[in-house]
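Asks: I have a structure I would like to understand better, so I am pasting it below and will then ask my questions one at a time.
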Amino acid sequence: MMIVDSLPFFGAIFGASDVEAIRSRATGMREAMVKESQAVYAAGAVRMTPMMVRTAGAPAAVVTRASAASDHRVVAQAMYDDMTTDLRQTIAKIKLPVTLLYPWDSVSGMTAASTDSFYHAQYAALQGMTFQRIDASRHFIMIDQFDVFAAAVDKFLAP
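This is the structure in structure tokens:
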């Protein structure tokens with residue numbers, strides 16, 4: 000299995016140690032998003048894209064258009080569900096090889112070493128996992144570092 004920049008507990012991004020520590024914030028974020036209009040949500044998607052994609056121009060525009068076109072109510076619920084689901088212990092049941100591709104960007108405010116530690120801690124219960132950090136990328140690794148991403152996928156799929 001290959002995982003591309005995903006966490007077993009997304010609440011950790013916000014500093015939460017467990018679901019109860021993030022539930023109130025997740026509820027507030029969901030309620031605020033549901034109350035805003037689709038137009039306001041779409042404008043926020045434009046502001047959010049640079050946090051998710053380092054590469055400017057046409058590739059970023061695709062992310063912006065797709066995000067802005069998403070139903071804000073569905074996104075709000077999905078975000079809430081993601082923030083309030085903790086699979087850090089459940090992943091120990093996975094018994095097949097797992098490779099995680101995760102990003103790091105020098106302007107992220109985190110060192111490469113602290114980024115490595117964060118992802119490793121999130122997947123600590125999953126034995127035998129392969130971690131591959133993709134530098135100079137943000138969440139959309141496949142856009143920011145297409146060649147590196149494609150090579151990692153090819154290596155993963157090779158017999």
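Residue numbers for the sequence shown, in numbering that gives the first Met the number 0: 0 to 158.
A virtual CB, placed ideally from N, CA and C, is assigned to each residue, including glycine.
Given leucine 95, which residues of its chain have a CB within under 7 Å of its CB, disregarding the five upstream and five downstream residues?
Replies: Same-chain partners within the cutoff: Met0.
Asks: Leaving out five residues on either side along the sequence, give the residues of the same chain with a beta carbon under 6 Å from the beta carbon of tryptophan 103.
Replies: For tryptophan 103, where only same-chain residues beyond five positions count, the Cβ hits under 6 Å are Ala111, Thr114, Arg132 and Asp134.
Asks: Evaluate methionine 50 with the Cβ neighbour count: other Cβ atoms within 10 Å of its Cβ, from every protein chain shown; 16 or more gives buried, anything less gives exposed.
Replies: With fewer than 16 Cβ atoms within 10 Å of its Cβ, methionine 50 is classed as exposed.
Asks: Which first and last residues belong to the beta strand (DSSP E) in which valine 39 is found?
Replies: Unbroken run through valine 39 is the alpha helix (DSSP H), 37-51; no beta strand (DSSP E).
Asks: Go ahead and pull the three-state DSSP assignment for phenylalanine 185.
Replies: Outside the shown range of the chain (0 to 158) lies residue 185, about which nothing can therefore be said.
Asks: Identify, in the order they occur along the chain, each residue of the same chain with its Cβ nearer than 8 Å to the Cβ of leucine 86, setting aside the five sequence neighbours on each side.
Replies: Contacts found: Pro7 and Phe8.
Asks: Considering methionine 1, what are the terminal residues of the beta strand (DSSP E) in which it resides?
Replies: Looking at the DSSP string, the run of the beta strand (DSSP E) that includes methionine 1 is 1-3.
Asks: Per DSSP, glutamine 131 is paired with what?
Replies: Leu100, per the DSSP bridge assignment.
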